[in-house]
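Below is one structure, written out as structure tokens, with a few remarks after it.
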Amino acid sequence: MMKGKKIMLSKEGNYGNWVPANMMKLMWAGDIVLAVLTIVFAAVLKVAVPAWITGVLLVILLAYTLYMWRCREAFDFNKGDIMGDVHQYLVNHLPWDGKGKLLDIGCGAGALTMRCALTYPEAELTGMDYWGKEWSYAKEQCEKNAKVEKVSDRVSFQKGDAASLDFADETFDAIVSNFVFHEVRTAKDKRDVVREAFRVLKKGGAFALQDMFAQKALYGDMEQFVEELKKAGFQEVHYIGNIEKQDGLVPGYIQTPWMISGAGLIYGIK
């Protein structure tokens, strides 16, 4: 398949959503509880102040629930497919010929891994993730998706910590990662997680990493970090800040601090 052309994943795959189903269930449950309390206070107990308080809280929570539901629909791979667009943006910036081994750090349900596998039919790929329950992702889910996409013969998955990768130095010819590093709780300095990713990349290997790089509270001055990598001997390093604003990649209503804001892409050749 031609690199640059958007890869469409199978609708039979189960790739989850950046707005987890469990989160939506809790929010809808909260709406119901507040609605019941408001009715009880107003119609049964006839106490105005508590009814007003729960009523206002209901309006606020319901508005936020509907907003998150809209975001979930937009992210869905079979609907708005913004998750697919963001993954494709990363793959399009990976300067690799597809020969050798690729590591997807924090693969989740394997969506980015599958996109890379379909883009690079000669590559051998490894997806790694910690698979916490809060994201409703699992290794078995990834393996089923690989079978659906007919790439299971050259794709494998394993559990691991992005802050301490279980691979030897310079194992991979390419590395990718999408919105994972800022979530790694075992590393206080998120730049250390990026450095750990580079440790397992071969000299001359390609990389494309997306995260909240434009948020200085997490990563500091990324231009300075780029210069640090160049001084360390990297052949080529590029940085694009605020990718959510690039080419209409992410709708304006999703460009919020609690959704996608201050995202960035760093890519090049080690």
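Under UniProt numbering, the first residue of the sequence shown is numbered 1, with each subsequent residue one higher.
Think of the CB as a built atom: it goes at the ideal place given N, C-alpha and C, for glycine as much as any other residue.
DSSP places Y89 inside the alpha helix (DSSP H), whose first and last residues are I82 to N92.
Secondary structure of F157 (DSSP, three-state): strand. Just so you know, the alpha carbons of A263 and I240 end up roughly 9 Å apart. About 6 Å separates the Cβ atoms of V250 and I82, confirming a contact at the 8 Å cut-off.
Scanning its chain for C-beta atoms nearer than 7 Å, with the 5 sequence neighbours on each side dropped, one finds around L94 the residues A174, V176, A206, A208 and Y267, in chain order. For the pair V200 and T171, the CB atoms are nearer than the 7 Å cut-off.
Runs of the alpha helix (DSSP H) spanning 4 or more residues and lying entirely within the UniProt domain "Methyltransferase type 11" (103-208) occur at 111-119, 139-148 and 190-199, in chain order.
Per the DSSP secondary-structure output, E236 pairs in a beta bridge with I269. In this structure, I105 sits away from V59, with a CB-CB distance that is not shorter than 7 Å. Comparing alpha carbon positions, the residue from E244, E140, T54 and M23 closest to V36 is T54. DSSP, read as helix, strand or coil, puts Q246 in helix.
D166 and G160 have their C-alpha atoms roughly 7 Å apart. With the rule of 3 Cβ pairs closer than 8 Å, the segment 39-48 does not count as touching the segment 213-223.
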